[in-house]
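As structure tokens, the structure follows; a few thoughts come after it.
Numbering (the UniProt record's numbering), first residue to last: 1 to 337.
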């Protein structure tokens, strides 16, 4: 049987290893994709450090990587919609028997030379979009897109805040500008992140430690507050701060993951102003991916600045360490087999 390289996580020991494994064969209704680019996400870091644990994984080891682009290598029986050589972006997950499985978490992902996919869990990648930019759209871009357009239901001219201008938050700023939010206020303790937010389209960038933050937000919103606030940091203190500057009937959307408790310090104020806290995870891939690819292909969005570096698959552990320690303040690191 033909072999391939894959970066695999042994979940009980949280050990990441580059291994030679059998190259998968597409079964009925499946396609085999030759991986051209795979994003490194903070969720991958959390899987390795134990913050996240797969819920649906069959076994103890999984090939990481849920942001994947490539070309069709082979098709299984019954697959007529795809032919070898087509450029594609894989969904970050698949629905099986009504249950959503996450690629690279609950089943093998794209930190490998080849990856399997259900034939209905991928979408064409236009020739005009490079593989590295296409690969990050299934999570780094589509997750904030879903949070903004569906969960947060942001409307034109609404005042919004983005806490955490990292791999997801930086794209949220771009996407909020695309849907007409105004003003867009980015909040991050990192000066580099704040400068990045302004360069990408934020109207204002504030330090979360600034004691005048509430007053500054009030001034920028005419004393009303934020119609929507997005937590991409997954930090309890962020959520309390965001709640303190919400407008009446404002929405706090939780995107960053944490296992820490959520606290509403002033429950009376929260209820009186009829505010909401909304959880968000992922996106509706069949809808979000084509939408975003059209916007990129049409010149409305450009994620070239999001690709901080491209590394060979053999350096997967280094990529994880660089992201975890914020070496060079990367937005997205890409692995290329």
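We treat Cβ as the ideally placed atom computed from N, Cα and C, and that holds for glycine.
So which of 67, 317, 335, 327 has the shortest CA-CA distance to residue 15? 317
From the DSSP output, which residues share a beta bridge with residue 19? 6
Are the beta-carbon atoms belonging to residue 251 and residue 152 less than 7 Å from one another? yes
Integer-rounded CB distance, given that residue 283 should sit under 8 Å from residue 146: 3 Å
Return the first residue and the last residue of the alpha helix (DSSP H) that residue 196 is part of. 191 to 200
Return the chain-ordered list of same chain residues with a C-beta closer than 7 Å to the C-beta of residue 200, the five sequence neighbours on each side being excluded. 170, 173, 174
For residue 415, does the count of other Cβ atoms within 10 angstroms reach 16, so buried, or fall short, so exposed? Nothing about residue 415 can be reported from this structure: the residues present for the chain run from 1 to 337 only.
Going by DSSP, what residue range makes up the alpha helix (DSSP H) through residue 321? 316 to 324
Thinking C-beta only, is residue 89 closer than 7 Å to residue 134? yes
Around the Cβ of residue 60, are there at least 16 other Cβ atoms within 10 angstroms (buried) or fewer (exposed)? exposed
Alpha carbon to alpha carbon, how far is residue 74 from residue 306? Give it in angstroms, no decimals. 30 Å
Taking residue 335 and residue 38 to be in contact with their CB atoms under 8 Å, please state how far apart those CB atoms are, rounded to whole angstroms. 5 Å
Kindly list the residues whose CB is nearer than 7 Å to the CB of residue 246, restricted to its own chain and excluding five residues on each side of it in sequence; keep chain order. 225, 226, 229, 252, 275
Coarse secondary structure for residue 163, derived from DSSP in three states: strand
Taking just the CA atoms, how far does residue 41 sit from residue 273? 36 Å
Could you tell me which residues DSSP pairs with residue 345 in its beta bridges? Given a span of 1 to 337 for the chain in the structure shown, any question on residue 345 remains unanswerable.
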